[in-house]
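Peer 1: Okay, so the sequence shown: first residue is 3 according to this note's numbering, each after it adds one. Backbone N, C-alpha and C define an ideal beta-carbon position, used for all residues, glycine too. These numbers were taken from a predicted model, which means no experiment stands behind them.
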Amino acid sequence: MMKNKIYRLSVILILASALLSMASCNNWLDVKPKTEEEAEKLFSTMDGFKSALAGVYIGLCQSDLYGREMTYGMVGILGQEWSDGATLGSSYSAYSYLLNYNYEQSASKVLIDAVWNKMYESIANVNTLIQYTELKKEVLGDYYGVVRGEALALRAYIHFDLLRLFAPYDFEADAKAAIPYVLDAKPAIAPQLTPAKFVELAMADVNAALDLLKEDPIYTGNDVSGMDNGYLANRNFHLNYYAVLGLKARIALYAKDLTTAYQAAHEVILAQQEKGLFPWIKTEDITTTEVNLRDRTFSSEHLFAFNTTKLEEYIKGYFREFSTPLMERLRPGELYEADDYRTAFYETYGGFADVMTKFWQLDKVSVSGQGMVSPKRDRMPAIRIAEMYYIEAEVLKETDLNAALDALNTLRMHRGLEGLKNLTKEELQQELEKEYYREFIGEGQVFFYHKRMNTKMIATANVVYVLPMPDDEIDLGQRQ
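This is the structure:
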C-alpha cells in the first residue's frame, strides 16, 4: 500500500520569473496542496500545469533519487562500480553494507526505503497531473499532447526503474507477482504484478506518450525559438519523443522483446543520422585546453538528462572536496584503450590519480573574443544515444553479426577507436559489457546490465539483485 501521505499532491511551484525561463531547479518553491479545491485552482492555468510537470522532474533530481542514490550512489555501489573512497571507508556505513548486498542493516534500509517512498511519491504526483490533463484539457489547449505525453512517459520511466530494483528478473509465465504499477491518483492499495504484466502497463504508457508526443517540436522540427518564453525549448531536459523511444528500447530489451527493442533504438539512430539530432561529441569539446569548458558528460548526445542544479553540492565527498574520492573498481588503464576519448576525464586530484571527473561542476571562464563562457554543467545523463547503438548491436548479433559489429564500431569511431573485426557473438557481448562501464560509469546503468545478464558475481561479491520492499509497505499493504 502506498501510504496516504504519498498520494497527497505535492507539486512544486516555480517563482514567477523562473517560470518564464524553465531553467533552474533552485528557483522553485515547495507548495503542497492538501485538498481537491487547491488542486483545482492549481490546474486552472497553464502555468499551474507547467509547474506541476517541472516539479516532478525536480523531485527526481534530489540526492535520494537521480541526484545521487539512483546513479553513482546506492545503485553504483550495487553495480560494484567503486573500489574505495572515503564514503566506502567506514565499516558501518550504508554503502559498506550495500557493497556486500546486506540489505537488512538499518543503514541500508534507510537508503532503500527512501528510494521506494520517493519514487512512488513522484508517481503519485504524476498521476494527479495525468488526471487533470483530462479534467482540464481545455486549459492545456495546444500543449495537451506534450504535457500529457511527458507525464505518461515519466510514469513509465519511474516505474521501470522500480521494477529493475525491487522485482526479480523473471518474465516466465509462472513468475510471482512483484511490485505494483500505480495508475490511480487516489489513495488505494494497488495490486502486485508479475514483471511481464508490469511491463505491459509500462509499454502502454510509453506507446500512448509516443502518440501524443508527435506534437513535440523535437519530432516535428518546428521552430519554437522565442515562443512561450522557451517552455518548449531544451527538450533534452524533458522526456521528449526520442527519449521516450529510447526508454521503449530499454524496456523492451529488458523484457526480452528484441524486435521492439531494435525498432525503437533504430528509429532514434535514424533521427541522429538523418535529422542531425543528438550529434556525437566534438573532439575539441573534450580536449579543449580550457579545462573548465570540457563537456564532461557529452551533453550533445543526451536523449534525456536530469537538470540537477544541486549536483555540485551532491558530489562533494564523493568526487571532489574530500580526502579520499570514489575510485573506480576497474581503473582506466585496464578498462579503456589508449586512444579512447573518455580517458580525458580521469585526472589527478588531491594526490590521487585516475579520479573520475565526469560530474565535476566547474565555473565559467573568460575566453578571448567571447567573454565569460559557462561550461555544460548541472546534467545527470539518463538516456544516451550510445545506448541505442549498444541495443542495436546486442539484438543484431543474434541474426547478423556483421551488422552488429557495424553498430558497435560506429560508437567506437566516435570515441577515437578503431573498429573491431572477426568477433564471435560471445566476444561482442563482452565488448558491450565493457562499454556499459566505459560509457555509463556513475549513471546507474551497470547494475541493471548485470541483472539483465544474470551475472552470478560482480568482482568478489555474490550479487543479490532484488531489493526488499520497506517493512511498512509489506505490513500495511499485506504484500507477499
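Give me the Cα-Cα distance between Leu398 and Val369, rounded to the nearest whole angstrom.
Peer 2: Reading the sequence shown from its first residue, position 396 is the one you call residue 398. Reading the sequence shown from its first residue, position 367 is the one you call residue 369. Cα-Cα distance, rounded: 45 Å.
Peer 1: Drop a sphere of 10 angstroms on the beta-carbon of Lys34, count the other beta-carbons inside from all chains shown, and report buried for 16 or more, exposed for fewer.
Peer 2: In the sequence shown, counting from the first residue as 1, residue 34 sits at position 32. Reliability of the predicted coordinates at Lys34 is poor, the pLDDT of 46 falling under 50, and no value is obtained from them.
Peer 1: Pull up the DSSP beta-bridge partners for Arg322, would you.
Peer 2: The sequence position of residue 322 within the sequence shown is 320, counting from 1. For Arg322, which the question treats as bridged, DSSP gives the partners Lys318.
Peer 1: What does the Cβ neighbour count give for Ala307, buried or exposed, with the cut at 16 atoms within 10 Å?
Peer 2: Reading the sequence shown from its first residue, position 305 is the one you call residue 307. Buried, since its Cβ has 16 or more Cβ neighbours within 10 Å.
Peer 1: Among Asn129, Lys216, Arg150 and Lys139, which residue has its Cα nearest to the Cα of Ala190?
Peer 2: For the purposes of this step, residue 190 is taken as the residue at position 188 of the sequence shown. Among Asn129, Lys216, Arg150 and Lys139, the Cα nearest to that of Ala190 belongs to Asn129.
Peer 1: Measuring only the C-alpha atoms, how far is Leu279 from Ala463?
Peer 2: Within the sequence shown, residue 279 is the residue found at index 277, counting from 1. Within the sequence shown, residue 463 is the residue found at index 461, counting from 1. Between the C-alpha atoms of Leu279 and Ala463 there is a straight-line separation of about 40 Å.
Peer 1: Where do the N-terminal and C-terminal ends of the beta strand (DSSP E) with Trp84 fall, by residue?
Peer 2: By one-based count along the sequence shown, residue 84 stands at place 82. Per DSSP, Trp84 is one residue of the beta strand (DSSP E) stretching across Trp84 to Asp86.
Peer 1: Measuring straight from C-alpha to C-alpha, what distance separates Val465 and Tyr105?
Peer 2: On the sequence shown, position 463 is the one that residue 465 refers to. On the sequence shown, position 103 is the one that residue 105 refers to. The alpha-carbon atoms of Val465 and Tyr105 are separated by roughly 12 Å.
Peer 1: Taking its Cβ as the centre, do 16 or more other Cβ atoms sit within 10 Å of Met24, making it buried, or is it exposed?
Peer 2: Translated into positions along the sequence shown, residue 24 becomes position 22. Because the pLDDT at Met24 is just 38, under 50, the model does not fix this residue reliably, and the point stays unresolved.
Peer 1: In whole angstroms, what separates the C-alpha of Gly248 from that of Glu136?
Peer 2: Locating residue 248 in the sequence shown gives position 246, where the first residue counts as 1. Locating residue 136 in the sequence shown gives position 134, where the first residue counts as 1. So the two alpha carbons sit approximately 26 Å from each other.
Peer 1: Between which residues of its own chain and Asn102 is the CB-CB distance below 7 Å, once the five residues before and five after are set aside?
Peer 2: Counting from 1 along the sequence shown, the entry for residue 102 is found at position 100. Ala463.
Peer 1: Would you kindly work out how many angstroms separate the C-alpha atoms of Asp474 and Gly61, rounded to a whole number?
Peer 2: As a working mapping, residue 474 is identified with position 472 in the sequence shown. As a working mapping, residue 61 is identified with position 59 in the sequence shown. When rounded, the distance between both Cα atoms is 22 Å.
Peer 1: From Tyr59, Glu42, Leu80 and Gly57, pick the residue whose C-alpha is nearest to that of Met459; which is it?
Peer 2: Start at 1 with the first residue of the sequence shown, and residue 459 comes out as number 457. Among Tyr59, Glu42, Leu80 and Gly57, the Cα nearest to that of Met459 belongs to Leu80.
Peer 1: Count the other CB atoms within 10 Å of the CB of Gln275; is the residue buried (16 or more) or exposed (fewer)?
Peer 2: Sequence index remark: in the sequence shown, residue 275 carries index 273 (1-based). So Gln275 counts as exposed.
Peer 1: Among Asp207, Met390, Val375 and Tyr316, whose alpha-carbon lies nearest the alpha-carbon of Leu381?
Peer 2: Translated into positions along the sequence shown, residue 381 becomes position 379. The amino acid occupying residue 381 in the given sequence is Arg; Leu does not appear at that position. In terms of CA proximity to Arg381, Tyr316 leads the group Asp207, Met390, Val375 and Tyr316.
Peer 1: Classify Glu330 as helix, strand or coil using the three-state DSSP reduction.
Peer 2: As a position in the sequence shown, residue 330 is number 328, starting the count at 1. In the structure shown, Glu330 sits in a strand (DSSP, three-state: E or B).
Peer 1: Check whether the region 37-55 and the region 64-72 touch, using three or more Cβ-Cβ pairs below 8 Å as the test.
Peer 2: No contact exists between the region 37-55 and the region 64-72.
Peer 1: Report the option in Ile385, Ala41, Met76 and Glu39 whose CA atom is closest to the CA atom of Asp328.
Peer 2: Counting from one through the sequence shown, the residue named residue 328 turns up at place 326. Looking at the sequence itself, residue 328 is Leu, so the reference to Asp does not match. With distances taken between Cα atoms, Leu328 lies closest to Met76.
Peer 1: Is Ala406 buried or exposed, if buried means 16 or more other CB atoms sit within 10 Å of its CB?
Peer 2: Walking along the sequence shown from the start, residue 406 turns up at place 404. So Ala406 ends up on the buried side.
Peer 1: Quick one: is Leu31 buried, meaning 16 or more other Cβ sit within 10 Å of its Cβ, or exposed?
Peer 2: In the sequence shown, counting from the first residue as 1, residue 31 sits at position 29. Caution is warranted here: a pLDDT of 32 is assigned to Leu31, below 50, making its placement in the model unreliable, and no coordinate value can be reported.
Peer 1: Near Val149, which residues of its chain fall below 7 Å by C-beta distance, leaving aside the five closest residues on each side in sequence?
Peer 2: Counted from its first residue, the sequence shown places residue 149 at position 147. Same-chain partners within the cutoff: Phe51, Leu55, Thr135 and Leu142.
Peer 1: Consult DSSP for Ala384 and reduce its assignment to one of helix, strand or coil.
Peer 2: Position 382 of the sequence shown, counting from 1, holds the residue named residue 384. In the structure shown, Ala384 sits in a strand (DSSP, three-state: E or B).
Peer 1: Since Tyr348 and Asp356 are thought to touch, with beta carbons under 8 Å apart, how far apart are those beta carbons, to the nearest angstrom?
Peer 2: Residue numbering aside, residue 348 sits at position 346 when the sequence shown is read from its first letter. Residue numbering aside, residue 356 sits at position 354 when the sequence shown is read from its first letter. With a Cβ gap of about 5 Å, Tyr348 and Asp356 count as contacting.
Peer 1: Determine whether the beta carbon atoms of Pro377 and Asn309 lie at a separation below 8 Å.
Peer 2: Within the sequence shown, numbered from 1, the residue matching residue 377 stands at position 375. Within the sequence shown, numbered from 1, the residue matching residue 309 stands at position 307. The answer is no: Cβ separation not under 8 Å.
Peer 1: Whole angstroms are fine: how far does the CA of Glu429 sit from the CA of Gly57?
Peer 2: Counting from 1 along the sequence shown, the entry for residue 57 is found at position 55. Counting from 1 along the sequence shown, the entry for residue 429 is found at position 427. For Gly57 and Glu429, the distance between alpha carbons rounds to 44 Å.
Peer 1: Looking only at its own chain, which residues have a Cβ that is under 6 Å from the Cβ of Pro219, when we skip the five neighbours before and after it?
Peer 2: For this step, residue 219 is matched to residue 217 along the sequence shown. Counting only Cβ-Cβ distances below 6 Å, and skipping sequence neighbours, we find Val226 and Leu234.
Peer 1: May I ask you to report which of helix, strand or coil DSSP gives Gly371?
Peer 2: Within the sequence shown, the letter at position 369 stands for residue 371. Coil, per DSSP.
Peer 1: What span of residues does the alpha helix (DSSP H) with His304 cover, start to end?
Peer 2: Locating residue 304 in the sequence shown gives position 302, counting from the first residue. No alpha helix (DSSP H) contains His304, which is instead part of the beta strand (DSSP E) from His304 to Asn309.
Peer 1: Taking Cβ to Cβ, would you say Leu305 is nearer than 8 Å to Val270?
Peer 2: Stepping through the sequence shown from its first residue, residue 305 is reached at position 303. Stepping through the sequence shown from its first residue, residue 270 is reached at position 268. Yes, the pair counts as a contact, with Cβ atoms nearer than the cut-off.
Peer 1: Please state the DSSP three-state secondary structure of Leu185.
Peer 2: Start at 1 with the first residue of the sequence shown, and residue 185 comes out as number 183. Note: Leu185 maps to coil in three-state DSSP.
Peer 1: For Ile288 and Ser302, which I take to be in contact (beta-carbon distance under 8 Å), what is that distance rounded to the nearest angstrom?
Peer 2: Position 286 of the sequence shown holds residue 288. Position 300 of the sequence shown holds residue 302. Going by Cβ atoms, the distance from Ile288 to Ser302 rounds to 11 Å, so no, they are not a contact pair.
Peer 1: What are the complete beta strand (DSSP E) segments, minimum 3 residues, inside the region 374-452?
Peer 2: 381-386
Peer 1: Which residue from Leu185, Leu212 and Gln265 puts its Cα closest to that of Thr222?
Peer 2: On the sequence shown, position 220 is the one that residue 222 refers to. Nearest of Leu185, Leu212 and Gln265 to Thr222, Cα basis: Leu212.
Peer 1: Quick test of your reading: Tyr486 and Thr359, contact by CB under 8 Å. State the CB separation rounded to the nearest angstrom.
Peer 2: Past the boundaries of the shown model lies residue 486; the chain is included only from 3 to 482, so the question cannot be answered.
Peer 1: If we require 4 or more residues per run, which alpha helix (DSSP H) segments fall completely within the region 90-117?
Peer 2: Uninterrupted alpha helix (DSSP H) stretches at least 4 residues long and entirely within the region 90-117 occur at 96-101, given in chain order.
Peer 1: Just mark Leu255 as buried or exposed, buried being the case when its beta carbon has 16 or more other beta carbons within 10 Å.
Peer 2: Residue numbering aside, residue 255 sits at position 253 when the sequence shown is read from its first letter. Its Cβ being crowded by 16 or more others within 10 Å, Leu255 is buried.
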